[in-house]
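Novice: Last residue of the sequence shown: 556 in my numbering, with the numbers rising by one and none dropped.
Okay, handing you the structure first.
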Amino acid sequence: MKSNLKYIALIMFSVLSFACTKLDENAYDQIPADVFYTNKNEVLSAVLRPYTHANAWVAPAGQNGWWRMAELSADQLAWPTKGPHGEDGGQWKRLHYHTWTVDESGYNNAWNLMYWGMGLCNSPIQNLEGRSIADMGITQAEKDSYIAELKLLRAFHYLKLMDLFGNIPISLTVPTGSVPTSEYPATSTRKQVFDFIEKEIKENIEKTPKLSRAMLGRMSQAGGYAMLVELYLNAEAWTGTPRWDDCIAAADMLIKNQGGGQNGAMALDPNILDQFKNTNDLSKEVIFSIAYDYKRANFEPGFAADFFHFAQRDIYGGGRNGNDGVVVIPGVYDTYDNDDLRKKEWLLIGPQYKFSNPKVPVEGTVEYAGKPLVFVDNIRKNVTGSTTSNMSEGEENSGVRFNKYRLGNSIAGFIVNGTDTTAVQPDPNYNNTDWNIYRLTWIYFAKAEAIMRKNGGVATAEAVTLINTCKQRAYTTATWPSHAYTTATLTLDSLLAERGREFIFEGFRRDDLIRFGKFATGTWWDHSPSTATRTLFPIPQQQRDLNSKLTQNPGY
1 MKSNLKYIAL IMFSVLSFAC TKLDENAYDQ IPADVFYTNK NEVLSAVLRP YTHANAWVAP
61 AGQNGWWRMA ELSADQLAWP TKGPHGEDGG QWKRLHYHTW TVDESGYNNA WNLMYWGMGL
121 CNSPIQNLEG RSIADMGITQ AEKDSYIAEL KLLRAFHYLK LMDLFGNIPI SLTVPTGSVP
181 TSEYPATSTR KQVFDFIEKE IKENIEKTPK LSRAMLGRMS QAGGYAMLVE LYLNAEAWTG
241 TPRWDDCIAA ADMLIKNQGG GQNGAMALDP NILDQFKNTN DLSKEVIFSI AYDYKRANFE
301 PGFAADFFHF AQRDIYGGGR NGNDGVVVIP GVYDTYDNDD LRKKEWLLIG PQYKFSNPKV
361 PVEGTVEYAG KPLVFVDNIR KNVTGSTTSN MSEGEENSGV RFNKYRLGNS IAGFIVNGTD
421 TTAVQPDPNY NNTDWNIYRL TWIYFAKAEA IMRKNGGVAT AEAVTLINTC KQRAYTTATW
481 PSHAYTTATL TLDSLLAERG REFIFEGFRR DDLIRFGKFA TGTWWDHSPS TATRTLFPIP
541 QQQRDLNSKL TQNPGY
């Protein structure tokens, strides 16, 4: 990982490298906690440990975590069965159709990963609070700062757990031995969890460092303000009480650069690419991210697994293929007008050619083995001439594909841009792309929405300026004037559509649909309306079998 997060690789990699895939492993199984925390490097490695774990659940990293549940239940992305691949016991269909059950193993896995990550915060908090600075080789200021940072990061875990499951238990300690079932934590209401998160952030945000290059990929004051923005933006949906003024105030702290920036003063990037390329650690608008450093730490982005085709390495000139899983739902591609640069840059469609030789088509591997691979904006068995389109009828080429984040190339090849072809050498930053959790563009949109909600759903000049300032980057100087919003054209419906275009793949679509009242009532592609209770996922039955104090959510 970049900056001082490299310590996690240098100090703890051999101990913890497999911890995110073995749920039965003790994080200190080879270095007992009672002989750890004896110097600053050991302390820092414990502080940083939850960040590597977060890769497993908050980003699309090949595991069932928050991201898959948040995006694949909404109206932009799906994981259809494609020929012999992707059926996976029907779990993606149930997620898409909102027909999930209380004993879904994937949701239990998400719960485990997220609570495990929260425990990886609780453990160093508990150890730091219980040890002297002399024993740990750190200053009092460092101790206080680390604890505050971890408490903010713990609050982030609870925010995302509350987002998915609503009513959840709050646990702030790590058991030291066998715990009687009578001491298992009981369910707290969503309002209680909301209040706890808000209190934790407010009490610790000023004790945490401002975002800087040294805090890249770590929770900082900027990350704390971004969490408050998310909390208050969704407050009405989550608690029944709107908090629009608080949302605006928290957003202003970031817009006015009060939380710091990872590369000088925080600001919107000048284009739609800098936030997503393999040098996006140089972005000015990224607030909080999962930071990767493949060269130094062998820690690589996980999104290739969910998004890439079986032959993706030929397309990008990289070393990674995927499981041909997540695609864009039919019709979403056409919600971008043809002047919109996001349509060209963030989405992949049409015939695919080899990076090493752009005159040679990439060939398919299943239905299109030996034939050119062409990504299409439909999900049906085109090879047989079928027009039936649903989650069961896909082929390996079905669906427009992800192209938002770029890994770069690990071999020499050619970049084609229209009629121009440029020869390039292997990219020295290949596979280093950070995954953004919060970026300033999202803050601009949140503030604009809060302003409109306060104003009865009607846009003000300030709201229009906030959205246009972001959107304008997706157009050329010549095409922009005809696509700018006005107070008449920026309605709540058009704002929801614009949020979809801007934040596709970023994990927020489920919450957007819930907040706009369309998650349970909406129809998209082959998805029909569900019920209001589906705005929360069930408490996994496996967890209720372990802890009888957990209360099931309504409707399950």
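Glycine residues also receive a C-beta, built at the ideal position from the N, C-alpha and C atoms.
(1) Please name the residue in Gln192, Phe194, Asp195, Leu172 whose C-alpha comes closest to that of Tyr184.
(2) Roughly how many whole angstroms lie between the Cα atoms of Gly223 and Ile437?
(3) In angstroms, rounded to a whole number, what distance separates the CA positions of Met69 and Glu498?
(4) Between which two residues does the alpha helix (DSSP H) carrying Phe196 extend?
(5) Buried or exposed: which applies to Asp281, given that a residue is buried once 16 or more other Cβ atoms fall within 10 Å of its Cβ?
(6) Between the C-alpha atoms of Gln552 and Thr533, what's the straight-line distance to the nearest angstrom?
(7) I'd like the ranges of any alpha helix (DSSP H) spanning at least 4 consecutive residues and lying wholly in the region 230-263.
(8) Going straight from the alpha carbon of Asn204 to that of Leu152, what length do you get?
(9) With 16 as the cutoff for other CB atoms within 10 Å, does Tyr292 come out buried or exposed?
(10) So Tyr107 and Pro540 are supposed to be a Cβ contact under 8 Å. How far apart are they, rounded?
(11) Of all the options Thr279, Asp511, Asn167, Lys343, which has the alpha carbon lying nearest to the alpha carbon of Ala74?
(12) Under 8 Å between the Cβ atoms of Leu231 and Thr441?
(13) At which residues does the beta strand (DSSP E) containing Arg439 begin and terminate?
(14) Could you tell me which of Leu496, Pro124, Arg213 sits nearest to Gln262, measuring between CA atoms?
(15) Between the C-alpha atoms of Leu546 and Asp526, what's the straight-line distance to the nearest angstrom?
(16) How many whole angstroms separate the CB atoms of Leu128 and Tyr146, which I take to be in contact at a CB cut-off of 8 Å?
(17) Classify Thr422 as helix, strand or coil using the three-state DSSP reduction.
(18) Would you kindly check if the distance between the Cβ of Leu228 and the Cβ of Gly318 is under 8 Å?
(19) Over the uninterrupted alpha helix (DSSP H) stretch that includes Ile147, give me the two end residues.
(20) Whole angstroms is fine: what's the gap from Thr365's alpha carbon to Gly385's?
(21) If you drop the 5 nearest sequence neighbours on each side, which residues of the same chain put their C-beta closer than 6 Å to that of Tyr225?
(22) Pick helix, strand or coil for Asn429, following the three-state DSSP scheme.
(23) Determine contact between the region 467-475 and the region 484-491, defined as no fewer than three beta-carbon pairs at a distance below 8 Å.
(24) What are the boundary residues of the alpha helix (DSSP H) that Ile287 is part of?
(25) At the level of alpha carbons, what is the spacing between Leu161 and Trp66?
(26) Could you name the residues of the same chain whose beta carbon sits closer than 6 Å to that of Lys93, not counting the 5 residues immediately before and after it, in chain order?
(27) Alpha carbon to alpha carbon, what distance is there between Leu211 and Gln425?
(28) Quick check on the DSSP output: the alpha helix (DSSP H) that includes Asn41 runs from which residue to which?
(29) Along the chain, which unbroken stretches of the beta strand (DSSP E) at least 3 residues long are found entirely within the region 62-100?
(30) Under the rule that 16 or more other beta-carbon atoms within 10 Å means buried, what is Thr187, buried or exposed?
(31) What did DSSP end up calling Thr533 once you bin it into helix, strand or coil?
(32) If we ignore side chains and look at the alpha-carbon of each, how far apart do Trp244 and Gly418 end up?
(33) How about Leu536 and Phe165: are their beta carbons less than 8 Å apart?
(34) Let me know if Asp340 comes out buried or exposed under the rule of 16 or more other beta-carbons within 10 Å of its beta-carbon.
(35) Give the DSSP-derived three-state secondary structure of Arg544 in the structure shown.
(36) To the nearest angstrom, how far is it from the Cα of Asn64 to the Cα of Trp57?
Specialist: The answer reads as follows:
(1) In terms of Cα proximity to Tyr184, the closest of Gln192, Phe194, Asp195, Leu172 is Leu172.
(2) Distance between the alpha carbons of Gly223 and Ile437: 9 Å.
(3) Linking Met69 to Glu498 through their CA atoms gives a straight-line distance of about 22 Å.
(4) Where Phe196 is concerned, the enclosing alpha helix (DSSP H) stretches over 190-204.
(5) Under this definition Asp281 is a buried residue.
(6) Rounded to whole angstroms, the separation of the alpha carbons of Thr533 and Gln552 is 12 Å.
(7) Contiguous alpha helix (DSSP H) elements confined to the region 230-263 occur at 235-239, 244-255, taking only those with 4 or more residues.
(8) Their backbone Cα atoms lie some 7 Å apart in a straight line.
(9) Under this definition Tyr292 is a buried residue.
(10) So it is a contact: roughly 5 Å between Cβ atoms.
(11) Restricting attention to Thr279, Asp511, Asn167, Lys343, the CA atom closest to the CA of Ala74 is found in Asp511.
(12) Cβ distance not < 8 Å, so Leu231 and Thr441 don't count as in contact.
(13) Start and end: 435-439.
(14) Closest by alpha carbon: Arg213.
(15) Cα to Cα, the separation comes out at about 37 Å.
(16) By a beta-carbon distance limit of 8 Å, Leu128 contacts Tyr146. Their separation comes to about 6 Å.
(17) For Thr422, the three-state secondary structure derived from DSSP is strand.
(18) Judged by beta-carbon spacing, Leu228 lies beyond the 8 Å limit of Gly318, meaning their Cβ atoms are not closer than that value.
(19) Ile147 -> alpha helix (DSSP H) spans 140-165.
(20) Whole-angstrom Cα-Cα distance: 19 Å.
(21) If we look at Tyr225 and ignore the five residues flanking it on each side, its Cβ neighbours are Ala250, Met253, Leu254, Gly259.
(22) Here DSSP, grouped into helix, strand and coil, assigns Asn429 to coil.
(23) Under the Cβ criterion (8 Å, minimum of three pairs), the region 467-475 counts as touching the region 484-491.
(24) Not the alpha helix (DSSP H): Ile287 falls in the beta strand (DSSP E), residues 286-290.
(25) C-alpha separation (whole angstroms): 8 Å.
(26) Sequence-distant partners of Lys93 (beyond 5 residues in either direction) whose C-beta falls short of 6 Å from its own C-beta, in its chain, are Met391.
(27) Gln425 and Leu211: Cα-Cα distance of roughly 34 Å.
(28) Unbroken alpha helix (DSSP H) run through Asn41: 40-54.
(29) For secondary structure counted as the beta strand (DSSP E) over 3 or more consecutive residues, the region 62-100 holds no complete run.
(30) So Thr187 ends up on the buried side.
(31) In the three-state DSSP reduction, Thr533 falls in the helix class (H, G or I).
(32) Cα-Cα distance, rounded: 45 Å.
(33) Yes, the Cβ-Cβ distance between Leu536 and Phe165 is below 8 Å.
(34) Around the CB of Asp340, 16 or more other CB atoms lie within 10 Å, so the residue is classed as buried.
(35) Judged by DSSP in its simplified three-state form, Arg544 adopts helix.
(36) Taking the straight line joining both Cα atoms gives about 7 Å.
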